[in-house]
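Numbering (this note's numbering), first residue to last: 23 to 92. No residue lacks a Cβ here, since even glycine has one placed at the ideal position from N, Cα and C.
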Amino acid sequence: MWLVSRPLAKFILRKFFFTPRSYLLSNDEKEMLKRAKPLKFQSGDKTIHGFKWGEGPVVVFVHGWSGRGI
């Protein structure tokens, strides 16, 4: 039978499940970001940051956990 410290187990599991992974940007992503225009707008008391490419209606994409929000 293995015994594990509860505080240590809690620390490890919390870190594993609640810390997003970091990724390197691909060359394609770097090129896209070079053409992007930063944008921000208010939603209640929060400032939403994003990027804009081209003209037209606004479309908002929301990435999930471990997404690449830069």
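Handout entry: Residues near L30 in its chain [Cβ-Cβ closer than 8 Å; skip 5 each side]
Key = For L30, where only same-chain residues beyond five positions count, there are no Cβ hits under 8 Å.
Exercise for the section: Could you spell out where the alpha helix (DSSP H) holding F33 opens and where it closes? Expected result: 28-40
Handout entry: DSSP three-state assignment for L55, whether helix, strand or coil
Key = helix
Exercise for the section: Could you tell me which residues DSSP puts in a beta bridge with G72? Expected result: L61
Practice task
Tell whether a beta-carbon distance below 9 Å holds between K62 and H71.
Solution key: yes
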